[in-house]
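Asks: For the sequence shown, the tail end lands on 592 under the numbering used here, and the numbers increase by one without skipping. For every residue, glycine included, the Cβ atom is placed at its ideal position computed from N, Cα and C. Predicted, not measured: the structure shown is a model, and the values here were computed from it.
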Amino acid sequence: MASLTVRKLDDDIKTALKLRAARSGRSVEDEVRVILREAAQASAAPSGTSAPPAASVIPAAPRRIGTAAGDRPRVTLIIGGGIAAYKALDLIRRLKDRGCHVRCVLTRAAQQFVTPLAAGALADERCYTDLFDAQSEFDAGHIRLARDCDLIVVAPATADLMAKMAHGHADDLASAVLLASNRPILLAPAMNPAMWSNAATRRNAAQLARDGVALIGPNAGEMAEAGEAGIGRMAEPLEIAARAEALLRPPQTQILKGRKLLITAGPTHEPIDPVRYIANRSSGKQGYAIAAAAAAAGAAVTLVSGPVNLPDPAGVTVIRIDSARAMLTQVEQALPADVAIFAAAVADWRVANAGEQKIKKTKGGMPPLQLVENPDILATISKLTHHRPRLVVGFAAETEHLIAHARAKLARKGCDWIVANDVSPGSGVMGGDRNTIHLITRDDPPDHQPDSWPVMTKDDVATALVARIAQALNAPEPTAS
Ligand SMILES: Cc1cc2nc3c(=O)[nH]c(=O)nc-3n(C[C@H](O)[C@H](O)[C@H](O)COP(=O)(O)O)c2cc1C
112 MASLTVRKLD DDIKTALKLR AARSGRSVED EVRVILREAA QASAAPSGTS
162 APPAASVIPA APRRIGTAAG DRPRVTLIIG GGIAAYKALD LIRRLKDRGC
212 HVRCVLTRAA QQFVTPLAAG ALADERCYTD LFDAQSEFDA GHIRLARDCD
262 LIVVAPATAD LMAKMAHGHA DDLASAVLLA SNRPILLAPA MNPAMWSNAA
312 TRRNAAQLAR DGVALIGPNA GEMAEAGEAG IGRMAEPLEI AARAEALLRP
362 PQTQILKGRK LLITAGPTHE PIDPVRYIAN RSSGKQGYAI AAAAAAAGAA
412 VTLVSGPVNL PDPAGVTVIR IDSARAMLTQ VEQALPADVA IFAAAVADWR
462 VANAGEQKIK KTKGGMPPLQ LVENPDILAT ISKLTHHRPR LVVGFAAETE
512 HLIAHARAKL ARKGCDWIVA NDVSPGSGVM GGDRNTIHLI TRDDPPDHQP
562 DSWPVMTKDD VATALVARIA QALNAPEPTA S
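This is the structure in structure tokens:
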């Protein structure tokens with residue numbers, strides 16, 4: 112097939128082409144493709160029908176956020192020159208996992224931390240670095256990068272980039288793209304805590320928020336610099352991708368707007384003495400994903416979490432506890448709620464005779480641990496007569512007889528739905544990113560086959576579960592007879 116070099120066209124054709132591309136919001140190359148496609152359709156059309164003339168100027172409808180099905184949302188990811196730039200490489204993957212087309216812009220400083228080659232190889236196309244790149248500026252590359260996308264994400268957003276944005280600078284490709292953009296912008300700031308708390312950065316962040324720019328993080332934690340800690344760590348790539356996804360989603364998908372959800376997640380730690388505890392392998396990932404998906408769907412979400420290594424999901428009120436008893440107290444305090452989802456792996460037993468001091472090794476051997484049953488949070492909330500959530504969802508993590516055990520659990524606890532998942536060692540569910548679940552509801556007839564979902568990422572399970580919950584809440588409530 113012959114190739115076409117736009118650069119070699121006559122000047123007046125190039126000008127007409129540029130005008131047409133600018134009007135339709137496409138690159139010159141994309142515009143040429145459209146013209147060729149139209150020409151091919153015109154020649155293939157039966158006589159009597161007329162296709163639009165190839166050279167006509169037909170303004171395209173502006174691209175919408177959350178584009179039509181089948182059309183991947185486009186994200187321009189600007190990587191700033193901070194130590195967290197390496198995490199931007201993971202962010203590219205996370206955005207692509209969510210179906211986004213990713214195109215990267217690296218600042219000059221960013222290239223000290225990651226290479227354009229690495230970012231370009233992970234993204235969907237080559238990386239852009241230079242405002243005065245003759246090749247891409249032929250069709251006003253910085254304007255195209257600014258407009259030919261549904262969202263711009265800046266991660267890490269350096270103090271410098273934020274200052275430039277707040278003051279309208281445009282002296283390099285990243286700042287020119289940001290200034291020329293009429294698309295939503297999400298910033299993930301990352302810097303030393305002293306830079307973040309500096310009055311200038313505070314002013315710039317406040318100005319950007321007033322300008323309608325969305326910010327995520329920074330989080331609190333340890334810095335790359337030895338001995339430094341505080342607020343300044345970039346939000347985790349998963350958090351940023353989830354927030355980007357929420358911004359890309361059309362507003363009508365706020366299917367849980369006005370609803371209140373209570374979710375538990377993670378393991379509990381039951382003390383043996385001040386330094387030892389009984390725990391389990393729950394990572395909290397599924398519960399956190401549900402909390403994030405519910406918040407993205409517009410719900411007010413309270414997440415009561417056991418000890419996990421996960422960042423707070425965006426827009427979620429997170430209450431961290433250690434033990435089962437503390438979890439029950441916080442769950443009760445978070446009521447009323449429309450829906451309660453108990454995804455936490457709560458320890459069934461705790462040590463009745465936990466030591467007040469560290470138990471010492473003695474010649475007599477280990478002192479016997481007396482175990483007592485912990486409160487059953489799922490059963491307690493399911494059986495409430497006052498403030499019982501309309502929908503109570505339990506999780507059944509089983510290693511054998513999954514469906515039979517899950518059905519028995521649903522009946523025993525009195526909840527409305529059970530999400531059953533196989534957590535046997537070979538399944539990789541505990542701590543992994545994927546899950547295979549079976550949804551069993553109270554209204555299923557006894558011989559009913561459970562609703563078994565295919566293997567999905569925990570994020571996708573969360574999104575699908577949120578959709579099912581919204582459907583259930585919108586169904587008319589059964590009337591008391
Ligand atoms: C090792 C090193 C780490 C840096 N980390 C950060 C950082 O995390 N955040 C930040 O705002 N600036 C950081 N800087 C300073 C920026 O690189 C500097 O302000 C640069 O001009 C930013 O350019 P950009 O905003 O165009 O990417 C760091 C500098 C060095 C040398």
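#1: Compute the distance between the beta-carbons of isoleucine 548 and isoleucine 529, then report whether it is under 7 Å.
#2: Over what stretch of residues does the alpha helix (DSSP H) that includes valine 540 continue unbroken?
#3: Go to tryptophan 528, then tell me how far its beta strand (DSSP E) extends in each direction, as first and last residue.
#4: Taking 6 Å as the cut-off, does the CB of isoleucine 194 come closer than this to any heavy atom belonging to ligand 1?
#5: Let me check understanding here. Comparing Cα to Cα, which of Pro385, Ala586 and Ile194 lies closest to glutamate 333?
#6: Extract the residue ranges of the beta strand (DSSP E) inside the region 406–481, only unbroken runs of 3 or more that lie entirely within it.
#7: Name the residue from Leu228, Thr226, Val577 and Thr440 whose alpha carbon lies nearest to the alpha carbon of valine 504.
#8: For glycine 202, which residues in the same chain have their Cβ closer than 6 Å to its Cβ, ignoring the five residues on either side in sequence?
#9: Assign threonine 364 to one of three DSSP states: helix, strand, or coil.
#10: Closest to glycine 543 by CA distance: which of Ala268, Leu584, Gln397 and Ala331 is it?
#11: In the DSSP output, which residue or residues are listed as bridge partners for proline 382?
#12: Looking only at C-alpha atoms, which of Ala517, Arg579 and Val462 sits nearest to alanine 435?
#13: Per the DSSP calculation, methionine 567 is bridged to which residue(s)?
#14: Smallest Cα separation from leucine 256: which of Val139, Ala455 and Ala127?
#15: Under a CB-based cut-off of 7 Å, is glutamine 365 close to chain D?
#16: Pull up the distance between the alpha-carbon of arginine 204 and that of proline 385, whole angstroms please.
#17: Buried or exposed for methionine 345, going by 16 or more other Cβ atoms inside 10 Å?
#18: With respect to the alpha helix (DSSP H) encompassing alanine 220, which residues constitute its N-terminal and C-terminal limits?
#19: In this structure, how does DSSP classify phenylalanine 243 when only helix, strand and coil are distinguished?
#20: State the beta-bridge partners of arginine 214 as determined by DSSP.
#21: Just checking glycine 191 against ligand 1 - is the residue's beta carbon closer than 6 Å to any of the ligand's heavy atoms?
#22: Out of curiosity, what's the CA-to-CA distance linking isoleucine 189 and arginine 499?
#23: What runs of the alpha helix (DSSP H), each 4 residues or longer, lie entirely inside the region 475–515?
#24: Thinking C-beta only, is valine 419 closer than 7 Å to alanine 402?
#25: Looking at isoleucine 374 and leucine 414, is the spacing between their C-beta atoms short of 7 Å?
#26: Go through its chain and collect everything with a Cβ distance to alanine 281's Cβ below 7 Å, but skip five positions before and after it.
#27: Within its chain, find whatever has a CB closer than 6 Å to the CB of aspartate 533; leave out the 5 residues flanking it on each side and keep chain order.
#28: What do you reckon, is the C-beta of aspartate 271 under 6 Å from a heavy atom of ligand 1?
#29: Should alanine 305 be listed as close to ligand 1, given that the test is whether its C-beta is under 6 Å from any heavy atom?
#30: What would DSSP say about proline 163, mapped onto helix, strand or coil?
#31: If distances are taken between C-alpha atoms only, which option among Ala376, Gly210 and Gln481 comes closest to methionine 541?
#32: Just grab the DSSP bridge partners of valine 265 for me.
#33: Just to confirm my understanding: we take serine 394, look at its own chain, exclude 5 residues before and 5 after, and list those with CB closer than 6 Å. What are they?
Replies: In this structure, then:
#1: What you label residue 548 is simply residue 437 of the sequence shown in a count that begins at 1. What you label residue 529 is simply residue 418 of the sequence shown in a count that begins at 1. No, they are not a contact pair.
#2: The sequence position of residue 540 within the sequence shown is 429, counting from 1. Here valine 540 belongs to no alpha helix (DSSP H), and DSSP marks it neither H nor E.
#3: Along the sequence shown, read from residue 1 onward, the residue named residue 528 stands at position 417. Run containing tryptophan 528: 528–533, per the beta strand (DSSP E) assignment.
#4: Position 83 of the sequence shown holds residue 194. Within the cutoff, so yes.
#5: As a position in the sequence shown, residue 333 is number 222, starting the count at 1. That would be Ile194, whose Cα lies nearest to the Cα of glutamate 333.
#6: 411–416, 427–431, 450–453 and 460–462
#7: Within the sequence shown, numbered from 1, the residue matching residue 504 stands at position 393. The residue with the shortest Cα to Cα distance from valine 504 is Val577.
#8: The residue given as residue 202 occupies position 91 in the sequence shown. With the sequence shown as reference, residue 202 is identified as leucine, and glycine is not the correct amino acid for it. These residues qualify, in order along the chain: Ala266, Pro348 and Ile351.
#9: Along the sequence shown, read from residue 1 onward, the residue named residue 364 stands at position 253. Reduced to three states, the DSSP call for threonine 364 is helix.
#10: As a working note, residue 543 is residue 432 in the sequence shown. Answer by Cα proximity: Gln397.
#11: In the sequence shown, residue 382 corresponds to position 271, counting from 1. Answer is Tyr388.
#12: Mapped onto the sequence shown, residue 435 falls at position 324. Of the candidates Ala517, Arg579 and Val462, the one whose C-alpha sits nearest the C-alpha of alanine 435 is Val462.
#13: Within the sequence shown, residue 567 is the residue found at index 456, counting from 1. DSSP output for methionine 567 lists Asn546 as bridge partner(s).
#14: Taking the sequence shown and counting its residues from 1, one reaches residue 256 at position 145. Per the Cα distances, Val139.
#15: You won't find chain D in this structure, because it holds only one protein chain.
#16: Reading the sequence shown from its first residue, position 93 is the one you call residue 204. Reading the sequence shown from its first residue, position 274 is the one you call residue 385. One C-alpha to the other measures close to 41 Å.
#17: Locating residue 345 in the sequence shown gives position 234, counting from the first residue. Label assigned to methionine 345: buried.
#18: Residue numbering aside, residue 220 sits at position 109 when the sequence shown is read from its first letter. Counting along the chain, alanine 220 falls outside any alpha helix (DSSP H), and DSSP gives it neither H nor E.
#19: For the purposes of this step, residue 243 is taken as residue 132 along the sequence shown, with counting starting at 1. Correct three-state label for phenylalanine 243: coil.
#20: Along the sequence shown, one-based indexing puts residue 214 at 103. Thr187, per the DSSP bridge assignment.
#21: Working through the sequence shown from its first residue, we reach residue 191 at position 80. Under cutoff, so the answer is yes.
#22: Within the sequence shown, numbered from 1, the residue matching residue 189 stands at position 78. Within the sequence shown, numbered from 1, the residue matching residue 499 stands at position 388. Each residue's Cα considered, the two are about 47 Å apart.
#23: 488–493
#24: In the sequence shown, counting from the first residue as 1, residue 402 sits at position 291. In the sequence shown, counting from the first residue as 1, residue 419 sits at position 308. Cβ atoms of alanine 402 and valine 419: not closer than 7 Å.
#25: Within the sequence shown, numbered from 1, the residue matching residue 414 stands at position 303. Within the sequence shown, numbered from 1, the residue matching residue 374 stands at position 263. In this structure, isoleucine 374 lies closer than 7 Å to leucine 414 by Cβ.
#26: Counting from 1 along the sequence shown, the entry for residue 281 is found at position 170. Ala287 and Leu290, listed in sequence order.
#27: Counted from its first residue, the sequence shown places residue 533 at position 422. Closer than 6 Å at Cβ, skipping near neighbours: Leu513.
#28: Against the sequence shown, residue 271 aligns to sequence position 160. For ligand 1, at least one heavy atom lies less than 6 Å from the Cβ of aspartate 271.
#29: On the sequence shown, position 194 is the one that residue 305 refers to. Alanine 305 Cβ: outside cutoff for every heavy atom of ligand 1.
#30: In the sequence shown, residue 163 corresponds to position 52, counting from 1. Residue confidence is low: proline 163 scores 34 on pLDDT, short of 50, so the model does not pin down where it sits. No coordinate-derived value is stated.
#31: Stepping through the sequence shown from its first residue, residue 541 is reached at position 430. Per the Cα distances, Ala376.
#32: Within the sequence shown, numbered from 1, the residue matching residue 265 stands at position 154. Looking at the DSSP assignment, valine 265 forms a beta bridge with Ile189 and Leu298.
#33: On the sequence shown, residue 394 is found 283 positions in, with the first residue counted as 1. Excluding positions up to five away in sequence, the list reads Gly542.
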